[in-house]
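Read the structure below first, then the notes.
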Amino acid sequence: MIKKIYRGEADGKVKVILPSGKSRPLQHVVLHSPTGFGWGYGGSGPADLALSILCDVLGEQPTAEQIYHGRFNAYPHHQDFKREFVASWEFGGGFEIDSDTIADWLRKRGVEVQP
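Residue numbers for the sequence shown follow our numbering, beginning at 511 and rising by one.
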């Protein structure tokens, strides 16, 4: 697994920082919030942020049907990830978390994460 950093900016944008230093926007896996990401509380924006980060770490790009039925690896874990991490990040501020921290959290839950 390539080590990445997930960085949320105060303007609500979330970037994935690659080892090269280049960045890209985090792809929004839309399940709860069609309007985008959020953090610092337990709502739908934070749920989609949690889901999108987990999908990125796991290398998943679920189809609309998989999302609708919750049939992909990140799905059963995203609400717990939201509660344990995303909801505690400062509302209106930024955040940063690395893929190793997330992968370790997933492995403790029995999820296979590519090395």
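Glycine included, every Cβ here is placed at the ideal spot set by N, Cα and C.
With distances taken from CA atoms, which of the options is nearest residue i?
i: Leu-568; options: Asp-590, Asp-614, Gly-550 and Glu-519; result: Asp-614
i: Pro-544; options: Pro-556, Pro-535, Ser-533 and Arg-534; result: Pro-556
i: Ile-607; options: Gly-546, Phe-595 and Leu-616; result: Phe-595
What does DSSP give as the partner residue(s) for residue i in the beta ladder?
i: Pro-556; result: Pro-556 is not bridged to any residue.
i: Phe-605; result: Gly-518
i: Arg-534; result: Val-526
I need the straight-line Cα distance from residue i to residue j, nearest angstrom please.
i: His-542; j: Gly-548; result: 11 Å
i: Arg-517; j: Gln-589; result: 19 Å
i: Leu-528; j: Tyr-551; result: 27 Å
i: Arg-593; j: Ile-612; result: 14 Å
i: Val-621; j: Val-540; result: 22 Å
i: Ser-554; j: Glu-570; result: 20 Å
i: Phe-605; j: Arg-534; result: 16 Å
i: Gly-531; j: His-587; result: 28 Å
i: Ser-609; j: Asp-558; result: 17 Å
i: Ala-560; j: Phe-582; result: 14 Å
Specify, as a first and last residue, the run of the alpha helix (DSSP H) that residue i falls within.
i: Ser-593; result: According to the sequence displayed, residue 593 carries Arg and not Ser. Start and end: 588-594.
i: Gln-576; result: 574-579
Using 8 Å as the threshold, is the region 520-534 in touch with the region 568-584, meaning 3 or more CB pairs across them?
no
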